[in-house]
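Engineer:
In this note's numbering, the protein residues as written are 96 to 175.
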């Protein structure tokens with residue numbers, strides 16, 4: 096395992112890794128993230144983000160991710 100590798104209980108897809116890195120880099124400044132806005136930043140659809148966030152939320156990562164709200168796009172609460 097390299098020094099930069101993060102422990103997980105299952106391998107993440109490329110999209111999931113990109114979303115996780117985005118959340119890690121922004122979690123100190125922000126707590127709530129909309130799927131639509133994450134998608135806009137990463138070139139993904141809101142549906143792609145929502146589908147992949149479940150794997151991140153269910154995984155053993157350094158962030159706590161919880162589905163929070165549904166108005167105008169799913170909102171996720173992320174705590175570092």
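The beta carbon of each residue, even a glycine, is placed where N, CA and C say it ideally should be.
Pull up the distance between the alpha-carbon of residue 127 and that of residue 108, whole angstroms please.
Structural biologist: Between the C-alpha atoms of residue 127 and residue 108 there is a straight-line separation of about 23 angstroms.
Engineer: Report, in whole angstroms, the separation of the C-beta atoms of residue 145 and residue 130, which I expect to be a contact under 8 angstroms.
Structural biologist: 5 angstroms
Engineer: Taking residue 117 as part of the alpha helix (DSSP H), name the residues at either end of that continuous run.
Structural biologist: 109–121
Engineer: Going by DSSP, which residues form a beta bridge with residue 171?
Structural biologist: Beta-bridge pairing links residue 171 to 128 and 162.
Engineer: Count the other CB atoms, across all protein chains shown, that sit within 10 Å of the CB of residue 169; report buried if there are 16 or more and exposed otherwise.
Structural biologist: buried
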